[in-house]
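Numbering (my numbering), first residue to last: 135 to 1113. What follows is one structure encoded as C-alpha cells, with my remarks underneath.
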C-alpha cells in the first residue's frame, strides 16, 4: 500500500466502531484476518512543572483573592487548606475564617478551612481555581494557604517549603485630629510622721555569787534515802532589777548550765557541790546522787515523799519590761491635681467603591511528581495465505519512543523474553543490553483521538513460532523513562499455527532428518515383521473383555536409557513404584470454587479411573488467588478452602489408595512490609519474618542483601536466597510440617529454574517424599517459524537439573510436549525419533525421571500460554500413556464437560497401560517414523500408531482401541508357550 493511503486503526480505541482514520505508511498488502485487538490505559509517575498563580483585587470596599493552578486539572481532587491572619504581628497564623468569606465547596476542619478547587471551562488550558471574597472593613491582614491531595494524603507547599502568604487589602489609614483636654488626675506622694512605739527589754542576770541572798527559802529536799530537813535559801537582792516572782530565782538557781561539764558521780563530789550551794553547814543533805544512780537502786516505798530531781527542773525564764519612745516613719498618700493634655483622635473612615484594581500577584512554578495516564494499543492480524502475523503497536505519549520487545517462543513460559530472529526486526532495530530483546524506534503520526498528545506506532511482521510478544516502551533520549503495564510487561498473544491437513501431502520435499529416521524405523519394523499390507480395523476397546494372560510386573531397577556420560546414579527413587499415573487435580479457575471439598467428593472416582497420584494446588495464603505468589507459608487458609478442608481431601484420597502432592512454591515469596528502601516490599511477616537478607542480592526489583542468585530471575516477587542457612532450615521445617500436619506424600516443585538443583536435593532428603516432580520450563530451539529437529540442548538442561537434584525428583518433560506441538501443527511425525532411534524428549534419555504431559493450568485452561494443538489431544495421550515415563492427565480433559469426548478414551488408555504392565522404564522400539505416521512397540506387549498415514499390523496383534488418527494393539498370547 503506497504512502498516503488511508487505513483504519483500532488499537487505541479497542476495536470499537467508528475507529479513526489516519495517514500512515502501510505494510505490504496481504489477506488479513484480525486475531486480537486490545487497548490499555497505563499510569506513570512523572516529574512535571505546575504553576500556582494568586491574584488580589479590590474595589475599595471589597476584595477578591483568586488562586489558580494547573496541578491535577483533569479530575483530581485538590483542596486548598487555608486560614486568615488577623494582624501583622501574627502574619503566619492560620485562624478559622468567618463563614461569609468562605467560597463554595468549603468545609471547616480543626482551626482552618479546606476548599475544593473547581475546574475552569477552558479546554485549551484547564486549571483549578478558588476565589475568596470579603469586605475590606473586616480588617484581616492576610490569607495563608497550601494544597492537599486527599486521595494520596499529600501536602503541597511553595518552592521554599512553606505556606503561601497573601496580604489582603487594608482600609486606608484614618486622618488624625489633635485636641486639648483638662482632667483631674490622682497621684501618690511620700510623707514623714512621728510615731510612738513600745518595746520589751530583758532584766539583767542574777549575780553568779549566792553570797548576797537576802532571804531564805525553806525547801524540803530528799537527796538520800528519805532524808528531809528544812533548808534556808537567801533571796538575792539587787538594786537594778525587780523580782516579780521570787520562786523564779530558785528555778534559775537549779537550771543546769548551757554547756555542763562532765559530772562525777562520786558521793564526795556531790556533797562538795551541795556545800558550795547551801553552805558548809548543810547537814540535812545527806547522800545526794545523780538521777541515773537513783533509778538503778531499789524502788522507793509508795508512802515515801517524792524526791527532788535536779536534772528535771524547768529552765528559768528571764523577766521582761516594756519601754516606750518616739520615732520617724514614711508613708504614701493619694492626692488629686488638675492637668491639661493633648490627644490625637482618628476621624471615621468612609470607604468609597471604585473600579476593581489588581493590587498584588504571586506566581510560582513547582516541580512535582504527578500520576499521568496514557493509552497503549495493539492489533494482531493473521496472514491467511502465507502464515505469520502482522503486529501493530500504538502509543499515546509525548516522548520519542522506542519499542523494547521480544518474543515468547512456543514451549516457553509466558514470562520468558527471547530475542526475535533478525528477519523479524524492522529497519533501525538494535539488540538491547540484555541480549534477549530488541529496540525498534516508533514512528510519529497524527493522533485522531487527541489534539494535545502525539501518537507513535510500530509495525512488526512475525512468523508462526511465537506464543506471544512481550514489550515495554522506553523514552528515546531525555530522561530515559520506561512505561510498562502498571508494573508488568505488555503481553500480546499470537494465533496458533494452522494445522497441517490430515491428508498426506507427498509433493513436499522431505528433509534429511526425516529420511534418516524413517529408514532406521523401517529396519526395526522389518526385524519385528511389522507393517504388513493388512488394513487396520478400528474399533473401540471392550474394557469388560477378559485379559488372556496376566502381565508380569517385575521389580524395577535403575536401568535408564540415558547415556552414561549425561547422568549420575540417583541416590534414591522419587517416582513411586514406577507405575504411577498422575492427575493434575485443578485448573486455573479452581480457586473460585470450594475446591478441596470437590476433590474430597470425587476421590473414589479418581481412584476408579486408575489415577494413583493427585497433584493439588498451592496450599498457602497468597497475593494471587491461584496461590503462586505465596505470602505466609504457615497460613493454609487459601482460596481453595480451609486447612481442615485440605486435610479432609487428602484423607479421602488416602482412603482410596491415592497419593497427594503439595505444590511447593520455593523460588519466591511476597513480602508483607516496606523495608529499608522506600517503596520496596522486602520485609516479611508471618511465622517466618525474614528481612532483605533472605532475598538474592541481584534481584533487580526488591533490593535483596543475600547472595547472588544461582538460577533464573522471577520478576514478579522477591527471589529467595536458598544459600542462606536460615532460609533453607526454615523451608525444610515448613515442608516437613506440611507432611505431618496435612498428610502430603510428595511434591510438585514450582519454577525450579530459579534456583540450583542442589537445593532441591537438600529439600528432598529432608522430607523423603514418595513422589516428586519439578517444573523446569524453558524455551525450545527454533529456527524462525520451525522447531529445530535436534532438541538435545533443551533436554540436556533438564537432565542437568535432575543430576543436580541427585535424582531425588522427576521433571516435567517439556521437550516432549514441544516436539508433539511441532508434530501435529506441521504434520512432521518423523520428529518423534532422535538420531539414535529413541524418543526425542527427556523420556529418551532418562525415562524414569520424565513426567510427561500435554497440558496444564499454565499452557491450557483459561491462560492458554502454550495450548496443545486443538483436536490432537487423543493422539497426544495415546503417545504418553503407552510410552515410558510417568504420564500426567490434565483435570479438564477428564472431568470438564467441555472435554467430554476425551473422558472415555483416556480412561481406556489408562486401563490398557495398567493391564499391559507399562511402567516408567519400559522399552520403546520405533518401527515407523515418517512424515504422517509414527508407530512403536513398547515392551513387546503394546503396539501403537498415531498420524493420518497408513500403518498395518500382522495377525500377532489385536487392536484394542482406535480413534481419529490413532490405534493401540495388544500382542496376542503365544499359545505354544506353557501357562
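Yeah, the Cβ is synthetic: ideal placement off N, Cα and C, and Gly gets one too. Every value quoted in this text rests on a predicted model; they were computed, and no experiment measured them.
| Query | Result |
| --- | --- |
| Whole-angstrom distance between residue 462 and residue 355, CA atom to CA atom | With a pLDDT of 41 at residue 355, under the threshold of 50, the modelled position of that residue is not reliable, and the figure given next carries that caveat. Each residue's alpha carbon lies about 55 Å from the other. |
| Proximity of residue 527 and residue 515 at Cβ, strictly below 9 Å | no |
| Integer Cβ distance of residue 1058 from residue 1072, believed to fall under 8 Å | 6 Å |
| Per-residue DSSP class, three states only, for residue 1091 | strand |
| Euclidean distance between Cα positions of residue 841 and residue 828 | 9 Å |
| Environment of residue 1123 [buried if 16+ CB atoms lie within 10 Å] | Absent from the model: residue 1123. The displayed extent of the chain is 135 to 1113, so no value can be given. |
| Boundaries of the beta strand (DSSP E) in which residue 718 is found, first to last residue | 716 to 718 |
| In DSSP terms, what residue 1097 is bridged to | 1100 |
| Assigned exposure category for residue 921 - 16 Cβ within 10 Å defines buried | buried |
| Own chain partners of residue 1090 with C-beta closer than 7 Å, once the 5 adjacent residues on each side are dropped | 1105 and 1106 |
| Touch test, the stretch 1020 to 1039 against the stretch 955 to 965, Cβ-Cβ under 8 Å, three pairs minimum | no |
| Spatial neighbours of residue 1063 in its chain, beta-carbon cut-off 7 Å, leaving aside the 5 residues before and after | 651, 652, 655, 963, 964, 966 and 967 |
| Same chain, Cβ closer than 6 Å to residue 547, neighbours up to 5 away in sequence not counted | 911 |
| Where residue 247 sits in the DSSP three-state scheme | strand |
| Three-state class that DSSP yields for residue 887 in the structure shown | helix |
| Limits of the beta strand (DSSP E) - the one that residue 1023 falls within | 1020 to 1024 |
| Sequence-distant residues of its chain with Cβ nearer than 6 Å to residue 172 (five each side left out) | 512 |
| For residue 786, the first and last residue of its enclosing alpha helix (DSSP H) | 777 to 789 |
| Within 9 Å, strictly: CB atoms of residue 854 and residue 830 | yes |
| Proximity to residue 769 [Cα-Cα], best of 541, 872, 1002 and 176 | 872 |
| Spatially closest choice to residue 954 from 264, 938 and 1068, by CA coordinates | 1068 |
| Rounded C-alpha distance that separates residue 931 from residue 754 | 30 Å |
| Of the residues 844, 232, 906 and 929, the one placed nearest residue 892, counting alpha carbons only | 844 |
| Closest by C-alpha distance to residue 626, when choosing among 1097, 1094, 169 and 1086 | 169 |
| Beta-carbon proximity list for residue 622, same chain, < 6 Å, skipping 5 on both sides | none |
| Touch test, the stretch 454 to 473 against the stretch 302 to 312, Cβ-Cβ under 8 Å, three pairs minimum | no |
| Minimum length 3: unbroken beta strand (DSSP E) runs contained in the stretch 840 to 892 | 880 to 883 |
| Backbone CA spacing between residue 733 and residue 252 [nearest angstrom] | 57 Å |
| Cα-Cα separation, residue 1066 to residue 987 | 22 Å |
| Residue 906 vs residue 898 beta-carbon contact at 9 Å | yes |
| Beta-carbon separation (whole angstroms), residue 606 vs residue 180, contact threshold 8 Å | So it is not a contact: roughly 16 Å between Cβ atoms. |
| DSSP-derived helix/strand/coil call for residue 628 | coil |
| With 16 other Cβ atoms within 10 Å as the buried cut-off, status of residue 817 | buried |
| Which of helix, strand or coil DSSP assigns to residue 538 | strand |
| Three-state secondary structure assigned by DSSP to residue 767 | coil |
| Given residue 1080 as reference, the closest of 570, 296, 1103 and 937 once Cα atoms are compared | 1103 |
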